[in-house]
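In this text, residue positions in the sequence shown follow the working numbering: the first is 978, and each later residue adds one. We put the CB at the ideal spot given by N, CA and C, even for glycine. Beneath this line is the structure, given in structure tokens, with notes to follow.
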Amino acid sequence: MTKPLRVLVLVLGDQLNADASAFDGFDPARDAVWMAEVAEESEHVWSSKPRTALFLAAMRHFRDERRAAGCTVHYTELDEPENAGTLAGELTRAVAARRPERLVVTEPGDWRVWRALEGAAEKLGLGLEVRVDRHFFASIEDFRIHALGRKQLRLEFFYRELRRRYQVLLDPAGEPEGGEWNYDADNREGFPKTGPGLVPPPVVFEPDATTRAVLALVEKRFAGHPGRLAAFDWPVTPAQARRALADFIAARLASFGRHQDAMWQGEPWLYHSRLSAALNLKLLDPREVVAAAEAAYRAGRVPLASAEGFIRQILGWREYIRGVYWLRMPDYAAVNALGATEALPQFFWTGDTEMACLRDALRQTLELGYAHHIQRLMVTGLYTLMLGVEPRRVHEWYLAVYVDAVEWVELPNVIGMSQHADGGFLASKPYVATGKYIQRMSNHCAGCRFDPARADGENACPFTTLYWDFLRRHEARLAANPRMALQVKNLARQSSALRAQIEARAAAIRAHGGQAPRAAGIPTQDSLL
Ligand code: FAD
Ligand code: SF4
978 MTKPLRVLVL VLGDQLNADA SAFDGFDPAR DAVWMAEVAE ESEHVWSSKP
1028 RTALFLAAMR HFRDERRAAG CTVHYTELDE PENAGTLAGE LTRAVAARRP
1078 ERLVVTEPGD WRVWRALEGA AEKLGLGLEV RVDRHFFASI EDFRIHALGR
1128 KQLRLEFFYR ELRRRYQVLL DPAGEPEGGE WNYDADNREG FPKTGPGLVP
1178 PPVVFEPDAT TRAVLALVEK RFAGHPGRLA AFDWPVTPAQ ARRALADFIA
1228 ARLASFGRHQ DAMWQGEPWL YHSRLSAALN LKLLDPREVV AAAEAAYRAG
1278 RVPLASAEGF IRQILGWREY IRGVYWLRMP DYAAVNALGA TEALPQFFWT
1328 GDTEMACLRD ALRQTLELGY AHHIQRLMVT GLYTLMLGVE PRRVHEWYLA
1378 VYVDAVEWVE LPNVIGMSQH ADGGFLASKP YVATGKYIQR MSNHCAGCRF
1428 DPARADGENA CPFTTLYWDF LRRHEARLAA NPRMALQVKN LARQSSALRA
1478 QIEARAAAIR AHGGQAPRAA GIPTQDSLL
């Protein structure tokens, strides 16, 4: 019979860090690691193939690295016949086989998973020790203390607190480098009409034998799931993640700030870092990322606005979002302040739409498991918000399709920032705009059959129609928000006839599965091919 263990350290797919607190005091002679690939994690939402593949590939590399370091790793692969299919079921099997005295885990990144592990441990009559996740700059408790007694939470205050605490981008007097805390105003440039030019392409990682085996498994086991694997080239080990970081700092960080909000047809990466998945799986330490960006600025290799803009995303937004998740869960997942009830349009799973901006963002998402922030916020998220899609359905889509999607980061971004379903808890106003915003920030409209300046009529841009319809539907609520005053005032200038036309067209879009209906005689894109 197998010798009983002292500690079984539970490692989840987004905890691939051998320095995690769960490993403190780990003794390879008496303790072991537990990891499991289970179908439930790909099926509780309709997880895309790239997302599942990335998690499994990185998990197998971590398993192999731990075994090479002398650890016993109790690991279940997805296609093992006895696989129970759930984390709780697999943990129960492992405990029966290894009889540990206790279980230790670092704080999970998903409320559902945390509860499932607690429930399983309780049933097994074992203690589950949950240790603080040191990966983050701020603990869950730090954020709770920050939030105490505040009527409103805002990124800026929390970000400044962390800059001071960790001495990031401060001058010798302890004041913000350059005199300002935030250089966002310098970071909103689009590209010239000729486009972004030659953007240095990000370093890519050819799948090795371990990753290729995972790709084949996912293709077979999740054949009906969305997304494609042909272009899979994500970093799956800490060494690869560090190479990706070094490449970004050297080749693209300098222009990150200026073009952070810009989009261009067929250019998925532009000057973005492509590091979110490596960070969220804990292949990469955010301290290392922030330090590398600051060092590049101090060495005169990148402008302050770029370094600060990038650092704000990691030290600011990423930490703030996590704080909000744990402060508000589990109720946060069910908020719906705007009473939105529409279904998610079917074309979000295919990219089959005439709207050029959405087509590009959706196809790229399904192809790569990636879209950058402005595509997520001001194209896909903007559209579902203004269409009135039920926030829970939008959340499930985002959780399913992006390789970096873990609930603690995905859910507040979708529910709070993008869908305004928390009524302004996370962000002070809904991010709404007409198609003219997309026209300004990209070249999409030039190749689109719709006109971003028009809200009514056959060629009206659905974004523009839905924008005015959104203001009309929520006029009373928005009028009470000073940051929306100008937009509400502009709505008041519309004639009642125009309002009625827009309302009718918005209703027709909703009745046509979220797409603009065509008048007879207007050719479709496909019929022109
Ligand atoms: P860059 O543009 O290079 O930014 C650098 C890093 O900053 C990112 O890698 C990320 O770690 C961090 N970051 C930037 N913005 C945010 C933010 N708002 N919240 C948290 N971290 C941020 N990010 C995820 O990691 N997982 C998600 O599931 C996710 N879902 C999102 C859904 C919506 C609706 C929106 C609006 C944003 C979402 N984000 C999510 C945040 C952001 O869009 C992604 O982190 C970013 O696009 C990832 O690409 P990148 O690594 O090239 O980022
Ligand atoms: Fe998107 Fe409207 Fe521009 Fe077409 S016209 S690309 S739908 S914003």
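Contact check, residue i vs residue j, beta carbons under 8 Å
i, j, result
"D1433", "R1482", "yes"
"P981", "P1085", "no"
"E1106", "R1079", "yes"
"A1208", "L1345", "yes"
"R1204", "L1343", "It is Gly, not Arg, that sits at residue 1204 in the sequence shown. Result yes, Cβ atoms of G1204 and L1343 sit closer than 8 Å."
"T1053", "A1097", "no"
"V1279", "L1230", "yes"
"W1158", "R1131", "no"
"L1094", "V1109", "no"
"N1313", "E1384", "no"
"T1214", "L1260", "yes"
"L1055", "L1192", "no"
"A1404", "G1393", "yes"
"A1016", "G1062", "yes"
"L1335", "Y1297", "no"
"R1075", "A1009", "yes"
"A1216", "P1179", "no"
"N1390", "D991", "no"
"A1035", "L1101", "no"
"F1168", "A1239", "yes"
"Q1492", "T1330", "yes"
"E1133", "H1236", "no"
Extent of the continuous alpha helix (DSSP H) run through residue i
i, result
"G1442", "Contrary to the premise, residue 1442 reads as Thr rather than Gly in this sequence. Where T1442 is concerned, the enclosing alpha helix (DSSP H) stretches over P1439 to R1450."
"V984", "Counting along the chain, V984 falls outside any alpha helix (DSSP H), though it belongs to the beta strand (DSSP E) covering V984 to L987."
"V1181", "Note, V1181: premise wrong, no alpha helix (DSSP H); not H, not E."
"L1345", "A1333 to L1345"
"A1218", "P1215 to A1228"
"S1250", "Here S1250 belongs to no alpha helix (DSSP H), and DSSP marks it neither H nor E."
"T1357", "Where T1357 is concerned, there is no enclosing alpha helix (DSSP H), given that its DSSP letter is neither H nor E."
"Q1416", "G1412 to M1418"
"R1275", "P1263 to R1275"
"P1027", "K1026 to A1045"
"Y1297", "E1296 to R1305"
Whole-angstrom distance between residue j and residue i, CA atom to CA atom
i, j, result
"L1463", "E1152", "34 Å"
"G1172", "N1420", "8 Å"
"E1373", "A1310", "10 Å"
"E1183", "K1026", "17 Å"
"R1111", "D1001", "11 Å"
"P1307", "W1011", "27 Å"
"M1243", "A997", "In the sequence under discussion, the amino acid at residue 1243 is Gly, which differs from the Met named in the question. Their backbone Cα atoms lie some 38 Å apart in a straight line."
"V1378", "A1150", "45 Å"
"R1043", "T1442", "55 Å"
"F1427", "L989", "46 Å"
"R1487", "R1340", "22 Å"
"A1073", "Y1408", "51 Å"
"A1269", "T1029", "29 Å"
"P1429", "M1363", "15 Å"
"K1466", "F1114", "42 Å"
"R1460", "G1400", "14 Å"
"A1282", "A1382", "27 Å"
"R1189", "R1299", "33 Å"
"V1386", "W1211", "19 Å"
"H1021", "L1468", "41 Å"
"G1155", "L1175", "30 Å"
"S1024", "Y1375", "9 Å"
"L1147", "I1351", "28 Å"
"A1272", "F1135", "23 Å"
"S1472", "I1479", "11 Å"
The beta strand (DSSP E) enclosing residue i, as first and last residue numbers
i, result
"E1106", "L1105 to R1108"
"M1012", "A1009 to A1013"
"H1051", "V1050 to T1053"
"L1080", "R1079 to T1083"
Problem - the region 1308 to 1324 touching the region 1161 to 1169, judged by at least three CB pairs closer than 8 Å - result: no
Exercise for the section: Kindly provide the chain-ordered list of residues whose Cβ lies closer than 5 Å to any non-hydrogen atom of ligand 2. Expected result: M1332, A1333, C1334, G1412, I1415, H1421, C1422, C1425, F1427, P1429, C1438 and F1440
Problem - At least three beta-carbon pairs within less than 8 Å, the region 1121 to 1128 to the region 1292 to 1307 - result: yes
Practice task
State whether the region 1270 to 1290 contacts the region 1443 to 1462, with contact taken as three or more CB pairs (one from each stretch) at a distance under 8 Å.
Solution key: no
Handout entry: Given 8 Å, three or more beta-carbon pairs between the region 1409 to 1416 and the region 1345 to 1358
Key = yes
Practice task
Could you tell me whether the region 1191 to 1206 touches the region 1061 to 1070, using the rule of 3 or more Cβ pairs below 8 Å?
Solution key: no
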